[in-house]
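If you read the sequences in order, they're chains A and B.
Letter 208 of the first sequence, counting from 1, is numbered 208 in UniProt numbering, and no numbers are missing.
Letter 39 of the second sequence, counting from 1, is numbered 39 in UniProt numbering, and no numbers are missing.
Just so it is clear, CB atoms sit at the ideal spot from N, CA and C, and this is done for glycine as well.
Remember, it's a predicted structure, so these values are computed and weren't measured experimentally.
The next block holds one structure in the form of structure tokens; read it before the comments.
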Amino acid sequence: MLQKLFYIFVKVAVLFLLGLNVRRKELLPADGPAIIVANHNSHLDTMVLMALMPLSKLKDIKPVAAADYFFASPAKAWLSERVLGIIPVERGAKGKAADKAADPLEGCYRALGEGKVLILFPEGSRGEPETMTDLKKGVSYLTERFPDAPVVPVFTHGLGKALPKGSFLLVPFFCDIFVGEPITWAGDRNRFMSALQDRFKKLSTEKTFAPWE
Amino acid sequence: MTLQTIHWALIGIWALLAAASVIVYVISRRSKKPVTELVQRTQSWWVMVAIFTISFLVSNTLSIIVFGLVSFLALKEYFSMIPTRRTDRRVLFWAYLSIPVQYFWVYDSYYGMFAVFIPVYMFLFLPFASLMTQKTDGFLRAIGTLNWGMMLCVFSISHAAFLLILPPTEESSAGGPGLLLYLIFLTQFNDVAQYTWGKMFGRRKIIPGVSPNKTWEGFLGGVATTFVLAIVTAPLVTPFDLAHAAAAGLLIPVAGFIGDVTVSALKRDLGVKDTGSLIPGHGGILDRIDSLTYTAPLFFHFTRYFYY
């Protein structure tokens, strides 16, 4: 309920304040298990992707986000869990906790097993606005375990201009959302990752964007 | 409620649109080539005319807010299209804030402030706000493009809204709303007329380097059509006598043409086809109001000079 109200508000704000040019919206997965992977520039990314989904599907769509950031305080944790519906992932847990049994992606496996749609930002962090960095491999572990779940790449432009990391001032810009053809498990983690990287590269060159220097 | 002439004028616009839709329907049945764009354009016209009619009938205040929103959407399109500097995010924010302020002067009928707020105060303030960041690389270009966009999308368009609050005169009881209806109708009709004449008879290009689809046949046919319509409809909703109606009938189509090709030059410079995708079949909102950015201020001052 709270989530629905929140996203009705977000939908209106996103459409009016930002305005979206969406290409191939129909390629977004309606039912899980499926994974949406997008480039990450802004806190708006998740909200915009959620706002593209029909309200009735919201409860089955789970953004995956860094536990250290989104569950830092009780208030943030409550918001992240109850309103945004976030699945926490321990960042950088792989190396330091090799001896620990808990897999940082456990929550994602469970959600995919339940037929949810995950939203994942494989760049890991928002970083420099409007510049793509290398993709983290987490997503390849997920597809290896769920080879039939389609992985839908989404390239967004403009959200990092509207609300970059470290700023609270939202400046309206039209944003472009390009949804790509889904890809599936390629039988090999590296092959899968390079296929994904290629798909993103193609999406990002679909339109020439005004420079932001 | 008794129907006033202005209501009849609105009914006339709906009737014209209905007739146009029938023609488009017939064309779409007969044509072998796909005419999706034409159909989309007509559908978008229905939506635009509906929004306009509703805000027009409800209240002046609502109409002023709607024009404010149009300015906002246009400015957003402009800022999304042009190259901007990261350091100027805050300056762009100030530019957006000029919209509620400017339209408040309209609402308040404060002509003196309305006329100077953007060309004087914002013009002087924005470079100052920008230099505070101490990044002078590209300063001139950033400030120049910023101001031009604000003049075009906010200042120019706000003139259409200011027409609304002009009072009725001895010659015409329709007052400001009548004048606005006249301006919007003729500006938009002229776009359609120039487009249609151009499609049917266009041969000799006017400025192919800027806009390859603009032809002398389209331009002159459009001017003639709009001219006739301006004279016929002037007694309904404006205080104009024949000479002034004729002058307005030339001013609007010519200025409309110039506004159109000015935005075309901008798009050509930036290498984009449309300014956006907000209005199906038309492109962005700037594509739709490009003529109005020229006709609104010129028509406003023309009217104000002779009648107010």
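From the beta carbon of residue i, is the nearest beta carbon of chain B less than 8 Å away?
| i | result |
| --- | --- |
| N21/A | yes |
| A210/A | yes |
| V169/A | Just to set this straight, residue 169/A is Leu in the shown sequence, not Val. Interface residue, yes. |
| A98/A | Per-residue confidence for A98/A stands at a pLDDT of 48, beneath the threshold of 50, marking its modelled position as unreliable; the derived number appears in the next sentence. A98/A does not count as touching chain B. |
| G95/A | Any answer about G95/A is weak, because its pLDDT of 47 lies below 50 and its placement is not dependable; what the coordinates show is given next. False, the Cβ-Cβ gap to chain B never drops below 8 Å. |
| G187/A | no |
| E106/A | no |
| G127/A | no |
| G166/A | no |
| G26/A | The question names Gly, but residue 26/A in the sequence shown is Glu. Not an interface residue. |
| E206/A | no |
| P33/A | no |
| P74/A | no |
| F155/A | no |
| F173/A | yes |
| E81/A | no |
Under the assumption that residue i contacts residue j (Cβ atoms under 8 Å), give the Cβ distance between them as a whole number of angstroms.
| i | j | result |
| --- | --- | --- |
| G176/B | I165/B | 5 Å |
| F67/B | A160/B | 6 Å |
| S130/B | G158/A | That belief does not hold up - the Cβ atoms of S130/B and G158/A are roughly 21 Å apart, past 8 Å. |
| V261/B | I207/B | 6 Å |
| T169/B | Y307/B | 6 Å |
| S71/B | S172/B | Not really, about 27 Å apart at Cβ, beyond 8 Å. |
| T53/B | V24/B | At roughly 20 Å, the Cβ-Cβ gap does not stay under 8 Å, so T53/B and V24/B are not in contact. |
| L75/B | Y96/B | 7 Å |
| R268/B | V210/B | 6 Å |
| Y103/B | I64/B | 6 Å |
Could you check the C-alpha separation between residue i and residue j for me, to the nearest Å?
| i | j | result |
| --- | --- | --- |
| S80/A | P29/A | 23 Å |
| M200/B | Y182/B | 26 Å |
| A98/A | A65/A | Unreliable positioning characterises A98/A in this predicted model, as indicated by a pLDDT of 48, which lies under 50. A coordinate reading is not provided. |
| G127/A | K214/B | 46 Å |
| N190/B | G222/B | 6 Å |
| F155/B | P172/A | 19 Å |
| G283/B | G144/B | 25 Å |
| A13/A | D198/A | 32 Å |
| L44/A | A38/A | 12 Å |
| A243/B | R288/B | 29 Å |
| I285/B | T84/B | 20 Å |
| D241/B | P54/A | 56 Å |
| V179/A | P150/A | 13 Å |
| V272/B | K59/A | 39 Å |
| A234/B | V192/B | 19 Å |
| I231/B | S204/A | 52 Å |
| A18/B | Q40/B | 15 Å |
| E90/A | R110/A | 15 Å |
| R304/B | Y110/B | 14 Å |
List the endpoints of the continuous alpha helix (DSSP H) containing residue i.
| i | result |
| --- | --- |
| C108/A | E106 to G113 |
| F114/B | Y111 to V116 |
| D290/B | Note, D290/B: premise wrong, no alpha helix (DSSP H); not H, not E. |
| D269/B | L242 to L270 |
| I6/B | T5 to R30 |
| P74/A | P74 to W78 |
| L126/B | F123 to L131 |
| I51/B | T36 to V58 |
| L170/A | From DSSP, L170/A is part of no alpha helix (DSSP H); its letter is neither H nor E. |
| N190/A | R189 to S204 |
Terminal residues of the continuous beta strand (DSSP E) containing residue i?
| i | result |
| --- | --- |
| F227/B | Run containing F227/B: none in the beta strand (DSSP E); it sits in the alpha helix (DSSP H), W216 to V237. |
| T156/A | V151 to H157 |
| I36/A | A34 to A38 |
| L152/B | That residue, L152/B, is in no beta strand (DSSP E); it is neither H nor E in DSSP. |
Using a Cβ-Cβ cut-off of 8 Å, state whether residue i counts as contacting chain A.
| i | result |
| --- | --- |
| I165/B | no |
| E77/B | yes |
| Y103/B | no |
| T84/B | yes |
| L126/B | no |
| G271/B | yes |
| S158/B | no |
| W281/B | The displayed chain sequence assigns Gly, not Trp, to residue 281/B. No, no contact with chain A. |
| F93/B | yes |
| S264/B | no |
| S59/B | no |
I'd like to confirm the pairing. Which residues does DSSP put opposite residue i in its beta bridges?
| i | result |
| --- | --- |
| A66/A | V89/A |
| W212/A | T84/B |
| N21/A | D176/A |
| I119/A | I36/A and P63/A |
| K205/B | T215/B |
| I183/A | V151/A |
| I279/B | G283/B |
Report whether the distance from the Cβ of residue i to the nearest heavy atom of the ligand NAP is below 7 Å.
| i | result |
| --- | --- |
| S59/B | Absence of the ligand NAP is noted for the structure shown, with no ligands found whatsoever. |
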